[in-house]
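Asks: Take this structure first; my questions come after.
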Amino acid sequence: MISVENLSLYFGAQNVFTNISFMVNNRDKIGLVGKNGSGKSTLLKLLTNNLTPNEGSVSILKNVVIGYLEQDIDFKDEYTLIEEMNKVFGNIESYKSDLENLNKQIKERDDYNSPEYLELLNQLSTTEEKLRMEGGYDTGFHINKILKGLGFLESDFEKHTSEFSGGWRMRIELAKILLKKPDVLLLDEPTNHLDIVSIIWLEKWLQNYTGAVVLVSHDKRFLDSIINKTIEISFSKINYYKANYTKYLELRKDRQEKQIQAKKNQDRHIVQTKMLINKFRAKKNKAAFAQTLIKKLSKLEIIEVEQEDVTNLNFRFPPAPHSGKVTFRMKKISKSYGDLEVLKNINLEINRGEKIAFVGKNGEGKTTLAKIIVSEIDYNGTAHFGHNVQFGYYAQNQVDFLDPDKTVLQTIEDAMTSEVNLKVRDILGSFLFSNDDVDKKISVLSGGERARVSLCKLLLSPVNFLIMDEPTNHLDIISKDVLKKALIKYDGTLIIISHDRDFLQGLSNKIYEFKNQNIKESLGDVNTFLKEKALEDLEDLNKTSEKNKKSVIKKASQEKLSYHKRKELDRNIRITERKISKIEEEITKLEKKKKDLDIQLSDPIKYKEITKEKDFFKNYDSEAQKIIKMENDWEVLVSRLNALKNERNL
């Protein structure tokens, strides 16, 4: 659908892309990966023809519709949320308006046999058919499904878009793009403004999406669950892999090892050939042979080992100063913004060395509580730090506090105190700012570079209590991994607010979920929490089902089931039992097949043999998804069977 051929792009002396080519085909789900500043967002702009390359071309098939979510959007606030969504269906709204006018005209006439009246009926029928063909009667369902999936409440639908924050307006733009169901989705960091619940919903939506997706994300788990191809951007070149992100890392390593070995063999061959040339070129009877070797050597295609961009963040937090056992304590904390009550009667004690994650939907009070802890906002209740507690705070909008007119070097020098005995340039070097980079103004830096400057400032003073609100936004995957390792080694107390499941995994020993103006404690890391959450949601579902069952029972006791009704129930029970039995057999077969494959994959020799098959890993993932789907179907059928039996036994 989109073809990129021999594309080159440069700004002045800086090469962004050099002679790159690839295609985006139907159903492709491609992840663009690379360091901050490697050109991922730029490549998306090229794919939309919003940017013109210096050389080469981007060709888009006729009638292909592209949906593009960029990081920075100029919002226009003219409508309510629901009106903004309805605007997506331009033709449908036009058809609805036409139907209203036609019905009005028909109602006002009584010349039922006239040609004009019959023509109106014909127009009405045609318009209704057009509306039906374009799904006009289902738009409300789709709007409701996507808005709720992205975290909006029904009470938000009639709000004017100007009432929403920047993050929520990004969700509005994402919702509009998803509703259009374009042929190709270009998504630039779509999870930056989503909470964990909404990310999981979007993940499932994209998995079932039948069009093509080109995705830029620094969320490893999100990438792995969606993409089937990876394009790596490094040193203005691209490397193409038919694999998800985790598999791409393995394939890249294997590819580079083979290249290194092939290069060694070729270098050895070149040395030996040159020795033969030098040995025989002076001898008359061997001169022709020497010339033949020279020609062969000149035609030899030199193997180049792919360079890997190994530069990454290199830092660790200073040792935490000693403090008392209790780091922070709050009692009966409440906070409202006007009529909106965000937190109510919160009691919380944080002890030395604890590593805590705040999770929950956006707007539930995570950032608000962080600001209360650092006394950035007013509140009701009491709160105080423990003995000798020194805190460091990384705000969600930390990069906005940087002076755009200062250079990187000036920013760090101004933040340093006389107590810190460190070399400024050494510190900046560990954050990937070297040579002329330190003289760049903050205003010209990318989002990831500004985030690194803010993190660098945080390291200048030793603290024993770190509060970090979404520190991974704008950081690339490698930088996030380095930050995570530094936080794991950090020996102070930590509160981390993040929506990145991979980043949170293994980082915290306690989770606080924010919901309904309160917080709920859960021991363990994010994986433990999500498993518990899934069970909790299932229990809530069962409670709802039980409630529905009771209402059915009550109704049935009032109206005795007829003989035919019981017969119909018995028939449905038998059908459902057969379906359950069939699914159980299929699951057993698939699980056995997967187990056999896993055993083969663990054998290095068989691994190489079976992975040579075309689309092996794609098929392997597909089989795993089948098992998950069948297990879900099994649960639905079992629930239905129980409901049918309960109804029959009244």
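Heads up, my numbering is the position in the sequence shown plus 1, with the first residue counted as 1.
Where a beta carbon is used, it is the ideal one built from N, C-alpha and C, also for glycine.
Roughly how many angstroms separate the alpha carbons of Val-409 and Asn-474, rounded to a whole number?
Replies: Numbered from 1 along the sequence shown, position 408 holds the residue referred to as residue 409. Numbered from 1 along the sequence shown, position 473 holds the residue referred to as residue 474. Cα to Cα, Val-409 sits roughly 19 Å from Asn-474.
Asks: Could you tell me which residues DSSP pairs with Arg-330 in its beta bridges?
Replies: Here residue 330 refers to the residue found at position 329 of the sequence shown. Bridge partners of Arg-330: Glu-350 and His-385.
Asks: Using the DSSP secondary-structure output, state which residues sit across from Phe-402 in a beta bridge.
Replies: By one-based count along the sequence shown, residue 402 stands at place 401. Paired residue(s): none; Phe-402 is not in a bridge.
Asks: Apart from the five residues just before and just after Glu-174, which ones in its own chain have a Cβ nearer than 7 Å to its Cβ?
Replies: Mapped onto the sequence shown, residue 174 falls at position 173. Excluding sequence neighbours, Glu-174 sits near Leu-70 and Ile-74.
Asks: May I ask you to report which of helix, strand or coil DSSP gives Lys-259?
Replies: Residue mapping note: residue 259 aligns to position 258 of the sequence shown, counting from 1. Of the three classes helix, strand and coil, the one that applies to Lys-259 here is helix, per DSSP.
Asks: Where does Val-17 land, buried or exposed, given buried means 16+ other C-beta within 10 angstroms?
Replies: Sequence index remark: in the sequence shown, residue 17 carries index 16 (1-based). It counts as buried.
Asks: Note down the Cα distance separating Leu-301 from Ile-278, rounded to an integer number of angstroms.
Replies: Numbered from 1 along the sequence shown, position 300 holds the residue referred to as residue 301. Numbered from 1 along the sequence shown, position 277 holds the residue referred to as residue 278. Approximately 15 Å, taken between the alpha carbons.
Asks: Where does the unbroken beta strand (DSSP E) through Met-24 begin, and where does it stop?
Replies: Position 23 of the sequence shown, counted from the first residue, corresponds to residue 24. 15-25 is the span of the beta strand (DSSP E), which, as asked, contains Met-24.
Asks: If I measure Cβ to Cβ from Leu-159 and keep anything under 8 Å in the same chain, skipping five residues before and after, which residues do I get?
Replies: As a first step, residue 159 is located in the sequence shown; it is residue number 158 there, counting from the start. Reading the sequence as shown, one finds Glu at residue 159 and not Leu. Result list for Glu-159: Thr-81, Leu-82 and Ile-83, in chain order.
Asks: Is Gly-366 helix, strand or coil when you go by DSSP?
Replies: On the sequence shown, residue 366 is found 365 positions in, with the first residue counted as 1. Coil.
Asks: What is the DSSP secondary structure of Phe-90, reduced to helix, strand or coil?
Replies: For this step, residue 90 is matched to residue 89 along the sequence shown. Note: Phe-90 maps to coil in three-state DSSP.
Asks: Could you give the C-beta distance for Lys-412 and Ile-443, rounded to a whole number, given that I count them as a contact under 8 Å?
Replies: If you number the sequence shown from 1, residue 412 lands on position 411. If you number the sequence shown from 1, residue 443 lands on position 442. The amino acid occupying residue 412 in the given sequence is Thr; Lys does not appear at that position. Right, the Cβ-Cβ distance comes to about 6 Å (below 8 Å), so this counts as a contact.
Asks: How about Lys-36 and Asp-437: are their beta carbons less than 8 Å apart?
Replies: Counted from its first residue, the sequence shown places residue 36 at position 35. Counted from its first residue, the sequence shown places residue 437 at position 436. Result no, Cβ atoms of Lys-36 and Asp-437 do not sit closer than 8 Å.
Asks: For Pro-320, count neighbouring Cβ atoms within 10 angstroms of its own Cβ and tell me buried if that reaches 16, exposed if not.
Replies: As a working mapping, residue 320 is identified with position 319 in the sequence shown. By the neighbour-count rule (16 or more Cβ atoms within 10 Å), Pro-320 is not buried but exposed.
Asks: Could you give the distance in angstroms between the alpha-carbon of Lys-615 and the alpha-carbon of Ala-244?
Replies: For the purposes of this step, residue 615 is identified with residue 614 of the sequence shown, where counting begins at 1. For the purposes of this step, residue 244 is identified with residue 243 of the sequence shown, where counting begins at 1. One C-alpha to the other measures close to 12 Å.
Asks: In chain order, what residues of the same chain lie with their CB nearer than 8 Å to the CB of Arg-641, ignoring the 5 residues before and after it?
Replies: If you number the sequence shown from 1, residue 641 lands on position 640. Contacts found: Thr-577.
Asks: What's the C-alpha gap between Ala-14 and Ile-628?
Replies: The residue you call residue 14 lines up with position 13 of the sequence shown. The residue you call residue 628 lines up with position 627 of the sequence shown. Rounded to whole angstroms, Ala-14 to Ile-628 spans 52 Å at the Cα level.
Asks: Three-state secondary structure (DSSP) at Lys-182?
Replies: Numbered from its first residue, the sequence shown carries residue 182 at position 181. Correct three-state label for Lys-182: coil.
Asks: Can you give the Cα-Cα distance for Leu-203 and Asp-196, rounded to whole angstroms?
Replies: Residue mapping note: residue 203 aligns to position 202 of the sequence shown, counting from 1. Residue mapping note: residue 196 aligns to position 195 of the sequence shown, counting from 1. Taking the straight line from one Cα to the other gives about 11 Å.
Asks: Which residues in the same chain have their Cβ closer than 6 Å to the Cβ of Leu-459, if we skip the five residues on either side of it in sequence?
Replies: For this step, residue 459 is matched to residue 458 along the sequence shown. So the list reads Gly-393 and Tyr-395, once near-sequence residues are dropped.
Asks: Looking at C-alpha atoms only, which residue of Lys-362, Asp-406 and Asn-229 is the closest neighbour of Phe-618?
Replies: Here residue 618 is taken as the residue at index 617 of the sequence shown, counted from 1. Here the closest residue by C-alpha is Asn-229.
Asks: Could you name each continuous beta strand (DSSP E) segment of 3 residues or more that falls completely within the stretch 491-536, going from the start of the chain to the end?
Replies: Segments of the beta strand (DSSP E) lying fully in the stretch 491-536: 494-498, 511-516 and 519-524.
Asks: Give the single residue among Phe-515, Gly-361 and Leu-187 whose Cα lies nearest to the Cα of Leu-44.
Replies: Counted from its first residue, the sequence shown places residue 44 at position 43. Ranking Phe-515, Gly-361 and Leu-187 by Cα distance to Leu-44 puts Leu-187 first.
Asks: Please determine, among Ile-496, Gln-518 and Ser-9, the residue with the shortest C-alpha to C-alpha distance to Lys-345.
Replies: Position 344 of the sequence shown, counting from 1, holds the residue named residue 345. With distances taken between Cα atoms, Lys-345 lies closest to Gln-518.
Asks: In whole angstroms, give me the CA-to-CA distance for Ile-147 and Leu-179.
Replies: Here residue 147 corresponds to residue number 146 of the sequence shown, with the count starting at 1. Here residue 179 corresponds to residue number 178 of the sequence shown, with the count starting at 1. One C-alpha to the other measures close to 8 Å.
Asks: Under 6 Å Cβ to Cβ from Leu-505, same chain only, skipping five residues before and after it: list those, please.
Replies: As a working note, residue 505 is residue 504 in the sequence shown. Within the same chain, Leu-505 has close Cβ partners Ala-358, Ser-499 and Val-527.
Asks: Report the three-state DSSP secondary structure of Asp-427 (helix, strand or coil).
Replies: Taking the first residue of the sequence shown as 1, we reach residue 427 at position 426. Helix.
Asks: Which residues does DSSP pair with Asn-240 in a beta bridge?
Replies: Counted from its first residue, the sequence shown places residue 240 at position 239. DSSP, once it has assigned bridges, lists Glu-233 as partnering Asn-240.
Asks: How should Tyr-249 be labelled, buried or exposed, when 16 other C-beta atoms within 10 angstroms of its C-beta is the threshold for buried?
Replies: Here residue 249 refers to the residue found at position 248 of the sequence shown. It counts as buried.
Asks: Work out the CA separation of Leu-100 and Glu-129 for me, nearest whole Å.
Replies: The residue you call residue 129 lines up with position 128 of the sequence shown. The residue you call residue 100 lines up with position 99 of the sequence shown. Roughly 7 Å between the two C-alpha positions.
Asks: Please work out which residues of its chain come closer than 6 Å, Cβ to Cβ, to Lys-556, disregarding the five sequence neighbours upstream and downstream, and give them in chain order.
Replies: For this step, residue 556 is matched to residue 555 along the sequence shown. Because Lys-556 sits at a pLDDT of 44, beneath the cut-off of 50, its placement in the model cannot be relied upon, and the point is left open.
Asks: By a C-beta neighbour count over all protein chains shown, 10 Å radius and 16 as the cutoff for buried, is Thr-192 buried or exposed?
Replies: The residue you call residue 192 lines up with position 191 of the sequence shown. Thr-192 is buried by the Cβ-count criterion.
Asks: Please classify Glu-547 as buried or exposed, where buried requires at least 16 neighbouring CB atoms within 10 angstroms.
Replies: For this step, residue 547 is matched to residue 546 along the sequence shown. The pLDDT assigned to Glu-547 is 48, lower than 50, so where the model puts this residue is not dependable, and the model offers no usable value.
Asks: Which residues mark the beginning and the end of the alpha helix (DSSP H) in which Val-198 is found?
Replies: As a first step, residue 198 is located in the sequence shown; it is residue number 197 there, counting from the start. Per DSSP, Val-198 belongs to the alpha helix (DSSP H) from 197-209.
Asks: Quick one: Cα of Asn-633 to Cα of Glu-592, how far?
Replies: Reading the sequence shown from its first residue, position 632 is the one you call residue 633. Reading the sequence shown from its first residue, position 591 is the one you call residue 592. Whole-angstrom Cα-Cα distance: 15 Å.
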